[in-house]
Amino acid sequence: MTLDHRWHYLASVRSGLSLLIYPVQAAVDLVTAPLRSAGLAFSSRAALLDEIRGLRIHQELLDAQLQRMVTLEAENRRLRRLLHTSRETVEETRVAEIVAVDLDPFTRQIVINKGARDNVFPGQPLLDANGVMGQIVHVAPYSSTALLITDPSHAVPVQVNRNGLRAIAVGTGASNRLDLPFIPNNADIRIGDVLVTSGLGGRFPPGHPVATVTRIQNEPSRPYAWVEATPTAHLDGIREVLLVWTRPKHQKIRQVSPPTESTEEKWAP
Amino acid sequence: MGAVIRLYSHNWFIIVASFVAALAVTLFPLPAMLAPLRPDWVVLVLIYWIIALPHRVGVGTGWLAGLFQDAATGTLLGQQALGLTVVAWLVLLLHQRIRNYPIWQQAILILIFVALFRVLGAWVLGVSGRPTGFLYWMPAISSMLAWPFVFLMLRHIRRRYRVT
Chain R
7 MTLDHRWHYL ASVRSGLSLL IYPVQAAVDL VTAPLRSAGL AFSSRAALLD
57 EIRGLRIHQE LLDAQLQRMV TLEAENRRLR RLLHTSRETV EETRVAEIVA
107 VDLDPFTRQI VINKGARDNV FPGQPLLDAN GVMGQIVHVA PYSSTALLIT
157 DPSHAVPVQV NRNGLRAIAV GTGASNRLDL PFIPNNADIR IGDVLVTSGL
207 GGRFPPGHPV ATVTRIQNEP SRPYAWVEAT PTAHLDGIRE VLLVWTRPKH
257 QKIRQVSPPT ESTEEKWAP
Chain A
650 MGAVIRLYSH NWFIIVASFV AALAVTLFPL PAMLAPLRPD WVVLVLIYWI
700 IALPHRVGVG TGWLAGLFQD AATGTLLGQQ ALGLTVVAWL VLLLHQRIRN
750 YPIWQQAILI LIFVALFRVL GAWVLGVSGR PTGFLYWMPA ISSMLAWPFV
800 FLMLRHIRRR YRVT
């Protein structure tokens with residue numbers, strides 16, 4: 007146990023055991039699949055049409071935002087070049103599915119159906135559509151285990167999106183709460199502030215939303231304020247997650263970045 | 650040929666299948682409200698096979714089953730293996746006595762064994778810095794309530810398939 011906990015010597019043993027276990031997990035997932043889709047089968051036509059309409063509107067809103075995103079990205083790149091910074095990174099994402107199994111209820115972990123065969127590596131960040139979910143801790147050939155940001159042993163370096171104030175978001179074990187220790191009493195932080203990853207730990211790519219501040223309590227008798235936040239990602243009850251591969255821009259990457267190179271050249275000083 | 654018959658005559662794969670089934674039920678997703686009340690199925694199956702067939706299933710089986718459960722549920726490798734090893738040893742020590750108890754009295758012993766299993770787990774969790782709450786102890790009670798069903802079902806299976 008100490009070998010596993012302190013030095014992670016047993017990674018290959020765990021990987022082998024997980025490989026043997028995976029058929030059982032996949033079988034459980036398969037059995038529960040009809041239960042999950044039962045809701046869809048019994049919902050009425052009107053409700054489904056409503057949902058399609060809602061999704062279509064949402065899609066159009068997103069498309070409109072994406073149009074602006076392309077120009078903003080180009081502008082951002084131009085400004086960065088003016089500042090001579092090279093923090094720019096390229097991200098490649100791939101969708102993985104959560105295997106519907108319950109793990110130990112006292113550790114916040116999930117199993118996903120991508121493993122070493124899909125180039126998943128320990129420490130890899132895991133996102134969903136709304137924010138950061140966690141990171142990969144164990145990799146088996148066909149599956150891997152991820153630690154969620156709400157696990158008590160997990161912490162994410164974050165910054166307040168409004169003013170760049172740095173902090174650390176520590177998991178509490180509750181599924182909807184993160185704690186922010188070490189924030190001074192006089193720091194500029196407000197309820198509703200969005201916390202994004204700062205990228206300082208070198209593990210999570212910068213700029214992804216992590217949580218929203220929900221409670222601040224200043225305690226004059228203590229050196230630090232009591233700050234709580236709620237994760238923006240839907241940590242319970244989501245099926246698809248995104249795996250992220252991040253590399254600095256100058257390195258070769260299989261996926262080609264969006265076609266903004268020509269506009270960029272025009273803008274360059 | 651004789652060796653092959655000896656290998657298959659006592660139907661040991663039924664024992665393996667019961668452990669796999671217990672693991673699958675352990676992993677089966679439950680609503681968040683019910684998940685902490687899930688009985689420790691693997692502990693129950695292990696205890697049953699030890700009191701029924703102490704010459705086949707013992708401390709080593711317990712350790713192996715615990716290791717698999719650790720890998721499956723994402724706990725520290727060895728956390729549940731330790732608990733299952735100790736429980737297996739105690740049950741092996743007392744199996745003659747437990748066999749003769751009526752089923753409700755066995756259930757009370759199950760409460761104690763599962764509580765012991767949980768104590769050892771809580772110790773490891775404490776050392777590795779994870780908090781355990783009130784709900785952590787609930788499986789001891791639900792395991793006690795589940796014991797009669799597990800016992801009767803496995804006894805039926807053992808007699809039906811002549812696992813010896």
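If you're matching them up, the sequences are chains R and A in order. Okay, so the first sequence: first residue is 7 according to the working numbering, each after it adds one. Okay, so the second sequence: first residue is 650 according to the working numbering, each after it adds one. Using N, Cα and C, we set each Cβ at its ideal position, and we do this for glycine too. Computed from a prediction, not measured in an experiment: that's the story for all the values here.
- Sorting L676(A), T710(A), P797(A) by C-alpha distance to the C-alpha of Q754(A) places P797(A) at the top.
- Listed in chain order, the non-local C-beta contacts of I700(A) below 6 Å within the same chain comprise H744, I747, R748, local neighbours out to five positions each way being set aside.
- For the segment 140 to 157 of chain R, the beta-carbon criterion of a distance under 7 Å to any beta-carbon of chain A is satisfied by T151.
- Beta-bridge pairing by DSSP links S150(R) to I118(R), V145(R).
- Boundaries of the alpha helix (DSSP H) around Q73(R): 51 to 89.
- Here D689(A) is actually not in contact with V799(A); their C-beta atoms are around 11 Å apart, not less than 8 Å.
- For R209(R), the three-state secondary structure derived from DSSP is coil.
- The criterion of a C-beta distance shorter than 7 Å is not satisfied by V233(R) and T203(R).
- Inter-segment contact for the segment 145 to 163 of chain R and the segment 107 to 119 of chain R is present: three or more beta-carbon pairs are separated by less than 8 Å.
- When the Cα atoms are used, Q130(R) and N191(R) turn out to be separated by approximately 34 Å.
- Interface with chain A (7 Å Cβ-Cβ cutoff): L23(R) is included.
- Using beta-carbon distances, P111(R) counts as an interface residue toward chain A, with a partner under 7 Å.
- Check the Cα spacing between D719(A) and each of F210(R), V138(R), D108(R), P211(R): the tightest is with D108(R).
- Using a 10 angstroms sphere on the CB of A180(R), the tally of other CB atoms stays under 16, which defines it as exposed.
- Residue contact with chain R for A714(A): absent (no Cβ-Cβ distance below 7 Å to any residue of chain R).
- Around L241(R), no beta-carbon contact reaches into chain A at under 8 Å, the shortest distance being about 11 Å.
- Rounded to whole angstroms, the separation of the alpha carbons of I244(R) and I174(R) is 25 Å.
- Listed along chain A, the residues sitting closer than 9 Å to D108(R) by beta-carbon distance are T675, L676, F677, P678, L679, A684, R687, T722.
- Against chain R, the CB of L672(A) has a partner CB under 7 Å away; the residue lies at that interface.
- Interface annotation for the segment 726 to 738 of chain A against chain R: L726, G727, Q728, L731, criterion Cβ-Cβ distance under 8 Å.
- In the structure shown, the three-state DSSP call for R811(A) is coil.
- When secondary structure is reduced to three states using DSSP, L171(R) falls in the coil class, being assigned neither helix nor strand.
- Using a Cβ-Cβ cut-off of 9 Å, G179(R) is close to R779, P780, G782 of chain A, given in chain order.
- Chain order gives the chain R residues near F717(A) as L23, L26, I27, where near means a beta carbon separation below 8 Å.
- As for any beta strand (DSSP E) of minimum length 3 sitting wholly inside the segment 719 to 792 of chain A, there is none.
- At a cut-off of 7 Å, the C-beta of T220(R) has no neighbouring C-beta in chain A.
- The beta carbon of Q115(R) sits closer than 7 Å to some beta carbon of chain A.
- For L716(A), the closest C-alpha among the options L133(R), G213(R), D194(R), S21(R) is that of S21(R).
- Listed as beta-bridge partners of G177(R) by DSSP are L184(R).
- With the rule of 3 Cβ pairs closer than 8 Å, the segment 139 to 147 of chain R does not count as touching the segment 59 to 79 of chain R.
- In terms of beta-carbon proximity, R20(R) lines the interface with chain A, with at least one pair separated by less than 7 Å.
- Here G707(A) is buried. Its C-beta has 16 or more other C-beta atoms within 10 Å.
- According to DSSP, W251(R) shares a beta bridge with E98(R).
- Taking 7 Å as the cut-off, the beta carbon of L241(R) is found no closer than this to the beta carbon of R100(R).
- Around Y28(R), the same chain offers A146, Y148, S149 as residues with beta carbons nearer than 7 Å, after the five sequence neighbours per side are excluded.
- Scanning its chain for C-beta atoms nearer than 6 Å, with the 5 sequence neighbours on each side dropped, one finds around T813(A) the residues H659, in chain order.
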